[in-house]
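Written out below as C-alpha cells is the structure these notes cover.
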Amino acid sequence: MTTCQECNCEISIDEKTIKIGDVVVCSACGAEHEIISIDPLELELIEEEK
Ligand SMILES: [Zn+2]
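Numbering (the working numbering), first residue to last: 26 to 75.
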C-alpha cells in the first residue's frame, strides 16, 4: 500500500508482482506513477505533458 502523490489517497500495490519501471495508476484521480524502488517502495509521479 502506498499513497498517491497527486491526491494523497491510498493506492493498493501487490509488492510481490511489481518491478522497477512498472507504472501504477491511482484509481481515484488517474495519476500515473512509476515504480523507482521496491524496498523501500518508492513511486515517482509521472507528469503528463499536454
Ligand atoms: Zn490520486
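By construction, the Cβ of each residue, glycine as well, lies at the ideal position given by its N, Cα and C atoms. Here the structure is a predicted model, which means the values were calculated and not measured.
Practice problem: Quick one: residues in its chain with C-beta nearer than 8 Å to the C-beta of P65, no 5 flanking neighbours on either side, listed in chain order? | Solution: Same-chain partners within the cutoff: there are none.
Quiz item: Which class does I36 belong to by DSSP, given the choice of helix, strand or coil?
Solution: Strand.
Practice problem: Locate the beta strand (DSSP E) running through E69, then write down its first and last residues. | Solution: Residues 67-70.
Self-check item: Pairwise C-alpha distance: E74 and V49
Solution: Their Cα atoms are separated by approximately 18 Å.
Quiz item: Going by other Cβ atoms of all chains shown within 10 Å of its Cβ, with 16 needed for buried, is A53 buried or exposed?
Solution: Only exposed fits A53, as fewer than 16 other CB atoms lie within 10 angstroms of its CB.
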